[in-house]
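These notes concern the structure reproduced below.
There are 4 protein chains.
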Amino acid sequence: MNTHGRNFRVTTFGESHGPAVGAVIDGCPPRLSLSEAEIQPMLDRRRPGKSPLESPRYELDRVELLSGVFEGQTTGTPIALMVRNEGMQSKDYEQLRTVYRPGHADRAYEEKYGIRDHRGGGRSSGRETLARVAAGAVAVKVLAGYGVHIAGEILSVHGVTGEEKIREEILRAKAAGDSVGGIIGITAIGCPKGLGDPIFGRLDAGIAAAMMGIGAVKGVEIGEGFNAATLCGSENNDQIDENSCYRSNHAGGILGGISTGEPITVRIAVKPTPSISKVQQTIDRAGKPVEIQIQGRHDPSIVPRAVVVAEAMLALVLVDALLEQQKYLVR
Amino acid sequence: MNTHGRNFRVTTFGESHGPAVGAVIDGCPPRLSLSEAEIQPMLDRRRPGKSPLESPRYELDRVELLSGVFEGQTTGTPIALMVRNEGMQSKDYEQLRTVYRPGHADRAYEEKYGIRDHRGGGRSSGRETLARVAAGAVAVKVLAGYGVHIAGEILSVHGVTGEEKIREEILRAKAAGDSVGGIIGITAIGCPKGLGDPIFGRLDAGIAAAMMGIGAVKGVEIGEGFNAATLCGSENNDQIDENSCYRSNHAGGILGGISTGEPITVRIAVKPTPSISKVQQTIDRAGKPVEIQIQGRHDPSIVPRAVVVAEAMLALVLVDALLEQQKYLVR
Amino acid sequence: MNTHGRNFRVTTFGESHGPAVGAVIDGCPPRLSLSEAEIQPMLDRRRPGKSPLESPRYELDRVELLSGVFEGQTTGTPIALMVRNEGMQSKDYEQLRTVYRPGHADRAYEEKYGIRDHRGGGRSSGRETLARVAAGAVAVKVLAGYGVHIAGEILSVHGVTGEEKIREEILRAKAAGDSVGGIIGITAIGCPKGLGDPIFGRLDAGIAAAMMGIGAVKGVEIGEGFNAATLCGSENNDQIDENSCYRSNHAGGILGGISTGEPITVRIAVKPTPSISKVQQTIDRAGKPVEIQIQGRHDPSIVPRAVVVAEAMLALVLVDALLEQQKYLVR
Amino acid sequence: MNTHGRNFRVTTFGESHGPAVGAVIDGCPPRLSLSEAEIQPMLDRRRPGKSPLESPRYELDRVELLSGVFEGQTTGTPIALMVRNEGMQSKDYEQLRTVYRPGHADRAYEEKYGIRDHRGGGRSSGRETLARVAAGAVAVKVLAGYGVHIAGEILSVHGVTGEEKIREEILRAKAAGDSVGGIIGITAIGCPKGLGDPIFGRLDAGIAAAMMGIGAVKGVEIGEGFNAATLCGSENNDQIDENSCYRSNHAGGILGGISTGEPITVRIAVKPTPSISKVQQTIDRAGKPVEIQIQGRHDPSIVPRAVVVAEAMLALVLVDALLEQQKYLVR
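Those protein sequence lines, which keep their order, are chains S, A, H and G. Sequential numbering from 1 applies to the first sequence in the working numbering. Sequential numbering from 1001 applies to the second sequence in the working numbering. Sequential numbering from 2001 applies to the third sequence in the working numbering. Sequential numbering from 3001 applies to the fourth sequence in the working numbering.
Right, dumping it as structure tokens:
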């Protein structure tokens, strides 16, 4: 199932070492100005090789618009976006043809499909997120027209906070041939009231799915999140003052699955990158035990690069809900 | 959007104080033995009034099968399940016609739809979960046929653990006219490998949506959850031993969005019930400030009754994925 | 698959001789005035026993609103509609438990599901259309608010036209223990421009599916239909005059899958009722040859009662497209 | 809405004069051998310029596989197919920037979206069918593995039958600067019993939508089609003989929306190509009356090239139903 959304429908395709990765956006409103140059910056934020914290892989990742835009404007027809894969070193992965890397989806894919493209993780590669980010960039553009803005940030890595300490923590993991996880916060401001469709199209449910659907994410919180479990109702309820404003935002901008107009606040837990060069026990396709040391150009922490992916996914959820809401607007 | 699932499609209907609540299940496999008596026990677990920890409301909640079963067996046609609402005291809610209760969806619904049924929360009432549990009971039956079993438990309430302490904590909140949240754990065992459809039909994403879609839930974790953010890759990866078994289950039974065959472990954070009898500040429909004290027969903690709802939702996700997987089975 | 539509989603349930048939409408706009009394007239038009042209079965078919309406107005939540089955004579059908009636879906259902409710055709009974008509009545109400009106009529039966001749033709078939088919025309006027979503959500495609999805329908035409195959482009094109009006409507109100604002004209071919009392060859479940004479209270022609079903289905398609179109309206 | 199918989901993109047209297939079973060379022949059948009956446009239409295939086999991940647009003469269409061609979707698109790509019809161009045929070629391959085969043929053009007469009729229309319509028959043999999901996923409804969704189609028949309206039940019912075989196939292989195992027989009416060089009355975007003579390289009849498109669409419907049916197979 490679389509996200009911209204702003994004279908992604592509493997890490195949010819291309891309997305088709179906349902983008017409007459939105759009160009490749407006999509590229979010892809550049996602690109590896920008600092010692990231994989040194060199990926140019130039997006090409194949359809849906005419004389600089969207037409309401599907927008196809494609990035050619280049600079792949597929033979680096030959040793992984028959071996299952711990913490990766290798074995799961092979058991499910009876076949897998082992090169760079194939479809389960983080490279697939490139297509989500490209589509997300279009969603961000749509949202801007409604005054909605999204920003993500690293809250902690391996339990430490603060930019300098986080940097040190990641480099320490890298030096040790290991990796570290962390927590990302994403906030959307300017979101109109009324987004989200109870019971099974709740906005918080959509956000949870979008976030947990990012490869390395193992937890999602909205508003107070797990902390709400330790509060009393009198502490957690957001009372309303005499100016009709909420006095607090423990709810994280969503009540009953519907946006309240307050900032939407989300936190996600990102696991440590499973690719590490320390020795690990695993098996090969035949069930034979194997010791594996994963060499190659991996991220010691996926957290920094995952921020823009989380922003993109939140944008996709919100623009989808915005379009859904057009149908029911109290006119 | 009141339908859950792509294969085992459950559409729920009904308001707290309307004539009935119910569900239509479309896509249930044929020739499954099924009766009202098999559905009732899960509804009984959800029913209030069974202990001082719960609302003293008396709800009989007898389920009626309206279609889809012939001579004790499902036929592959839609299964409609209905529970009549009885014993409602709608006039208790008259004061809430124009006032928005803090922490509830009252204001969000009215801003979205321009109208709301204020009696008992209407569609946003916890009573709606009755329909999910009824459908979930059918899903549990289907899963049993595949050897899949689900069990939930209270892990903590207001930060305390242990059955007796939890009981005390809830009664203390009740006595104070307040409420408390908590954490629930749900586990599925016996789940086949290969469930879940990357990229946007991932099993973990589906679970996250289903759980966050329960009214009071503010956080979802799978496997290590937020703790994974504090681990190294060498700690978090589940290595595979010489018998092809995973040595650990930090992943919570899901890798790359696909089930691994290990137990699926989920934790959810439940916020404190927003209905409390302490004085709260809010406004009415006209924007006028109002002090509110919510009287009535409320649960001092929704946690005990939410366990069966969480089980039902996990069952719905798993049976939907199981049916999806039929299409791709390596034959 | 028992749900119709993407926006005005109608899920039907129920068998001919089960406890009830009904529908859940999800996505109906809020604040529409609605009552059982407004739905009943379309059901009454569909009801048998009103003239000698129809089955003499007595069905009261009183609709009950179970949810989604509060103080006479829709709330935006699911609208559940139910009609209890009454006056069934299930034992009439005992002989059909193991025998497949020619022209009916008996064998197809049993081969697909491995089980079937043989009483009155079960789910494949024409009685299921009752649920579609109930939902259609709500759709008609929504459409009226947009100035859209739908009307159907019998164009011919067994090749003859004119009300009196058609009546005679049906009574002749009845007397002969046989049945006859016919053609129905359905027109929608007042339909806004711009409905329909190319490529796979085209309005004409949606209409074709809705019509062919009525039990006895074997052909669908829009505008010129099959006659277009005999025309030149210069005859079939609808030219536009100096007042921006189409000079003709060969297109039947739809170009490129999008409504033009002209009347939408549809014709459908209805096959003769398969239930006849003439002797027919068939087999039973075990494959044994059987001679069958179907006794009972059948319609000698389904055409008269199918008119309102076709209207209901067209209404469902149009209201679904109308809601979809809200999202893309040039504002 | 540019996605077809629930299981074998095909999303198409691309305009006539944009960079490319293509399709993404999501849900293709894994481990099917597949290459560009297997897809190309159906595209070649659709390509213009092969005879004087067709547009003399030269389109190479080489398909490129962008994803989903690894070492010659499908992997279960999305299959992206792309054909670059080449040899377009966009300036030919400059005069159509503001003028609406009669019988085309020009005005409908502009009224719906407020913008349109006028070059060659943009998204409403027959060129879009290239993407459907590419996806259809993959569907045909899947079906072959189940023993299902599809063949289409021209039954008549402008009322005449027989290959030589049809050829003459088309050339006569061409010489007159006009165009002609016709009727196509499509048959699927070897189709398993049990495909199709009542009530709204009926196989005949799906076929009707797929056929009516082809640009120029105005009518669809299954089995006896409109002729059924002139028959008695005793003539139209397919009786079953002592070998459990149907004695006839008036139903066209579908009863109750479910395949019977008999050949599925479909007929469609194709309207005359709206592009003609005869003088026609129309208006421009400003509402000013205009006389138009459409020059360029058009098909005098779309019927010959539409055969393969109809085959492709039937293949998409059948493979989608086949995969759906996997879930319910009586095991």
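The beta carbon of each residue, even a glycine, is placed where N, CA and C say it ideally should be.
Query: Where residue 3007 (chain G) sits in the DSSP three-state scheme; Result: coil
Query: Nearest-angstrom Cα separation, counted from residue 113 (chain S) out to residue 1330 (chain A); Result: At residue 1330 (chain A), the pLDDT of 47 sits below 50, so the modelled position is not reliable; the number obtained from the coordinates is stated separately. Cα to Cα, residue 1330 (chain A) sits roughly 7 angstroms from residue 113 (chain S).
Query: Inter-stretch contact at 8 angstroms, needing at least 3 Cβ pairs: the segment 270-280 of chain S / the segment 180-189 of chain S; Result: yes
Query: Alpha-carbon to alpha-carbon, residue 3070 (chain G) and residue 238 (chain S); Result: 53 angstroms
Query: Cβ pair count under 8 angstroms reaching 3, the segment 3226-3240 of chain G against the segment 2035-2046 of chain H; Result: no
Query: Beta-carbon proximity list for residue 3154 (chain G), same chain, < 7 angstroms, skipping 5 on both sides; Result: 3166, 3182, 3184, 3303, 3304, 3307
Query: Partner residues on chain C for residue 3327 (chain G), Cβ-Cβ distance less than 7 angstroms; Result: Of the chains in the structure shown, none is chain C; the protein chains are S, A, H and G.
Query: Same chain, Cβ closer than 6 angstroms to residue 312 (chain S), five either side skipped, listed in chain order; Result: 132, 133, 136
Query: For residue 2129 (chain H), the first and last residue of its enclosing alpha helix (DSSP H); Result: 2129-2145
Query: One or two residues paired with residue 1151 (chain A) in a DSSP bridge; Result: A:1187
Query: 8 angstroms Cβ cutoff, residue 3236 (chain G) in contact with chain S; Result: no
Query: In DSSP terms, what residue 21 (chain S) is bridged to; Result: S:14, S:83
Query: For residue 2117 (chain H) and residue 2015 (chain H), believed in contact at Cβ under 8 angstroms, the rounded distance; Result: 5 angstroms
Query: Min CB distance residue 2384 (chain H) to chain A below 8 angstroms; Result: Examination of residue 2384 (chain H) is not possible in this model, given that chain H is present from 2001 through 2331 alone.
Query: Chain H contact for residue 3100 (chain G) (CB, 8 angstroms cutoff); Result: yes
Query: Backbone CA spacing between residue 234 (chain S) and residue 157 (chain S) [nearest angstrom]; Result: 33 angstroms
Query: Cβ-based contacts, 8 angstroms cut-off: residues of the segment 3270-3290 of chain G near chain H; Result: 3270, 3271, 3272, 3273, 3274, 3275, 3276, 3278, 3280, 3281, 3282, 3283, 3287, 3289
Query: Backbone CA spacing between residue 1029 (chain A) and residue 1074 (chain A) [nearest angstrom]; Result: 7 angstroms
Query: Whether residue 2054 (chain H) touches residue 2036 (chain H) by CB criterion (8 angstroms); Result: no
Query: Three-state secondary structure (DSSP) of residue 217 (chain S); Result: strand
Query: Neighbourhood of residue 1047 (chain A) by C-beta, 7 angstroms cutoff - its chain only, sequence neighbours within 5 removed; Result: 1059, 1061
Query: Three-state secondary structure assigned by DSSP to residue 3033 (chain G); Result: strand
Query: Outcome for residue 8 (chain S) when other beta-carbon atoms lying within 10 angstroms are tallied against a minimum of 16; Result: buried
Query: For residue 2156 (chain H): DSSP bridge partner residues; Result: H:2183
Query: Proximal chain H residues relative to residue 3198 (chain G), where beta-carbon distance stays under 7 angstroms; Result: 2123, 2124
Query: 7 angstroms Cβ cut-off: residues of chain H touching residue 1113 (chain A); Result: 2030, 2075, 2076
Query: Residue 1057 (chain A) beta carbon near the ligand GDP (any heavy atom closer than 7 angstroms); Result: With respect to the ligand GDP, the structure shown offers nothing to examine, as it has no ligands at all.
Query: Proximity below 8 angstroms, CB of residue 1022 (chain A) to CB of residue 1082 (chain A); Result: yes
Query: CA-to-CA distance, residue 2281 (chain H) to residue 2288 (chain H), given in whole angstroms; Result: 11 angstroms
Query: Assigned secondary structure, residue 3075 (chain G) (DSSP; H/G/I helix, E/B strand, else coil); Result: coil
Query: CA-to-CA distance, residue 2285 (chain H) to residue 2099 (chain H), given in whole angstroms; Result: 6 angstroms
Query: Sequence-distant residues of its chain with Cβ nearer than 6 angstroms to residue 2149 (chain H) (five each side left out); Result: 2189, 2190
Query: Closer than 8 angstroms to chain G by CB, residue 195 (chain S); Result: no
Query: Cβ neighbours of residue 3198 (chain G) in the same chain (closer than 8 angstroms, five flanking residues each side left out); Result: 3256, 3257, 3258
Query: Same chain, Cβ closer than 6 angstroms to residue 2173 (chain H), five either side skipped, listed in chain order; Result: 2179, 2180, 2300
Query: Three-state secondary structure assigned by DSSP to residue 63 (chain S); Result: strand
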